Amino acid sequence: MSTLPRKIIFDTDPGVDDAMALYYALAHPDLDVVGITTTFGNVYVEQAATNALYLSALAGRQIPVTVGMSQPLVKKPETPPDYIHGADGLGNLPQRLATQGELDPRSSAQFIVDMARQFPGEITLVAVGPLGNLATALQLAPELPKLVREVVLMGGAVLESGNVSPVAEANIWNDPHAADAVFTAGWPLTMVGLDVTHQVILPLSLFRQIAEHHQHLATDTLCHAVAFYSAFYSAHDAVVGQINGCYGHDVLAFVVLTDPELFTLQSGRVRVAVDGLAQGQTIMQRKAVSYPQHGWHDDIPHTQVCMRVQAEACKAVIEATLMRDWMEKPLLALIL
Ligand code: BDR
Ligand code: CA
57 MSTLPRKIIF DTDPGVDDAM ALYYALAHPD LDVVGITTTF GNVYVEQAAT NALYLSALAG
117 RQIPVTVGMS QPLVKKPETP PDYIHGADGL GNLPQRLATQ GELDPRSSAQ FIVDMARQFP
177 GEITLVAVGP LGNLATALQL APELPKLVRE VVLMGGAVLE SGNVSPVAEA NIWNDPHAAD
237 AVFTAGWPLT MVGLDVTHQV ILPLSLFRQI AEHHQHLATD TLCHAVAFYS AFYSAHDAVV
297 GQINGCYGHD VLAFVVLTDP ELFTLQSGRV RVAVDGLAQG QTIMQRKAVS YPQHGWHDDI
357 PHTQVCMRVQ AEACKAVIEA TLMRDWMEKP LLALIL
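Using the numbering used here, read the sequence shown as starting at 57 and increasing by one per residue.
Shown next, in the form of structure tokens:
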């Protein structure tokens with residue numbers, strides 16, 4: 057097994073916890089973010105791409121950023137949740153600096169396919185938004201499951217309640233048809249759902265400490281965004297409110313790669329309810345028996361599902377990683 061940093065394509069809808077996750081990945085020496093593919097979700101896709109470019113420029117990194125899906129494959133699109141992430145996805149930043157960086161002209165799906173063909177067996181897809189880019193990449197290149205190293209997604213819930221309906225988590229809810237295609241594609245797949253992300257509450261004070269430590273625009277921006285996001289979670293969830301914080305959802309999709317021993321996984325088939333009352337539910341077959349019913353045949357591939365996490369250790373890893381010396385000078389555009 058190679059000891060080089062793992063090549064990551066980060067598929068994302070930034071989004072405050074997406075921004076946390078991106079900075080975790082940039083800060084971690086074992087991860088090499090070779091592309092950021094954006095999608096609708098927390099914001100419209102154009103804003104997601106703008107945010108991905110902006111966040112990477114603030115951290116002094118030039119990483120290809122693509123624009124992807126603007127709406128679900130089948131269901132009607134919904135208005136982005138500006139009350140959670142802000143209308144700009146980053147907690148309504150009071151101002152933005154002019155930064156360098158242009159979008160890659162390819163679609164997110166095409167970029168994923170191109171990179172997987174260029175680096176067969178090397179790319180890990182970390183997907184933390186609705187899954188239309190991955191589903192479209194599968195349509196473009198049915199051989200994709202054999203080309204990528206593995207896929208980790210933040211989404212779904214097995215035993216935990218949903219966060220947009222009693223059973224549905226937001227990323228799966230936003231494009232259930234795409235999600236079902238991803239769960240049945242047959243690639244090595246790990247699901248990081250609410251069963252674990254709801255165990256890890258990150259206090260706003262942590263992001264204040266990180267910003268204080270670095271004295272850098274990137275971590276100031278993250279701290280501003282987390283303050284907005286924490287205000288939402290703290291007002292809506294009594295447990296989170298007790299420590300004035302938030303769920304780090306997306307960042308756990310990277311922690312499971314860098315510190316897998318902190319998670320307990322269970323293997324089983326996962327399918328997605330695409331419509332009806334249970335729309336967006338991730339249904340996991342947890343017993344090793346054969347079900348003859350349509351949709352549960354033995355040839356449906358397994359997903360590794362994160363069922364438990366060591367929350368305190370996970371928080372410590374996030375803190376230690378974001379405290380590292382990882383940022384470059386921001387890539388600011390010359391204003392003439
Ligand atoms: C997921 O939904 C989005 O709001 C977050 O960024 C995360 O990916 C949590 O349900
Ligand atoms: Ca997200």
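Even glycine gets a Cβ: it sits at the ideal position worked out from N, Cα and C. Nothing here was measured: the structure is a model prediction, and the numbers come from that model.
- Rounded to the nearest whole angstrom, the C-alpha separation of M247 and Q349 is 24 Å.
- In this structure, the alpha-carbon of A197 lies about 15 Å from that of R162.
- Secondary structure within the region 238-286: the alpha helix (DSSP H) runs of 4 or more consecutive residues, fully enclosed, are 250-253, 260-270 (chain order).
- Counting the other Cβ atoms within 10 Å of the Cβ of K63 gives 16 or more, which makes it buried.
- According to DSSP, V373 shares a beta bridge with no other residue.
- CA-to-CA, the gap between M210 and A83 works out to about 19 Å.
- Within the same chain, Cβ atoms closer than 6 Å to the Cβ of V326 are found at F239, T338, M340, T359, the five residues on either side in sequence being excluded.
- Scanning its chain for C-beta atoms nearer than 7 Å, with the 5 sequence neighbours on each side dropped, one finds around N219 the residues E225, A226, L250, in chain order.
- Taking Y285 as reference, the option from D355, A213, G304 with the minimal CA-CA separation is G304.
- By the criterion of a C-beta distance shorter than 8 Å, F167 is surrounded in its chain by I65, G91, T93, P120, T122, D160, once the five residues flanking it on both sides are discounted.
- Three or more Cβ pairs drawn from the region 132-150 and the region 270-288 lie within less than 8 Å of each other, which places the two stretches in contact.
- At least 9 Å separates the beta-carbon of G124 from that of N230.
- Per DSSP, the unbroken alpha helix (DSSP H) holding F310 starts and ends at 307-314.
- Between ligand 1 and E225, a heavy atom-to-CB distance of less than 8 Å is present.
- In the DSSP annotation of this structure, the continuous segment of the alpha helix (DSSP H) that includes G188 starts and ends at 188-196.
- At a cut-off of 8 Å, the beta-carbon of G97 counts as near ligand 1: some heavy atom of the ligand is closer than that.
- The beta carbon of D88 lies closer than 8 Å to those of L60, P61, R62, K63, I64 in the same chain, with the five residues before and after it left out.
- If you check the C-beta of G218 against ligand 2, you find no heavy atom less than 8 Å away.
- L111 is positioned such that its CB atom lies closer than 9 Å to that of L78.
- Between G116 and M383 the beta-carbon gap is near 6 Å, inside 8 Å, which marks them as a contact.
- In this structure, V361 sits near G212, with a CB-CB distance shorter than 9 Å.
- Partner residues in the beta bridge of F66, as assigned by DSSP, are I92, V182.
- When the beta-carbon positions are compared, V99 and C302 stay at least 9 Å from each other.
- In the DSSP assignment, Q174 falls within the alpha helix (DSSP H) that extends over 164-174.
- The beta carbon of I266 sits closer than 8 Å to the beta carbons of T275, L278, C279, E375, L378, M379 from its chain, once the five residues preceding and following it are set aside; these are given in chain order.
- Beta-bridge pairing by DSSP links F288 to no other residue.
- DSSP lists P259 as the bridge partner or partners of G301.
- The continuous beta strand (DSSP E) containing S323 extends over residues 319-324.
- Assignment of V123 by DSSP, reduced to helix, strand and coil, places it in the strand class.
- Beta-carbon to beta-carbon, F310 and A81 are separated by about 5 Å, close enough to satisfy the 8 Å threshold.
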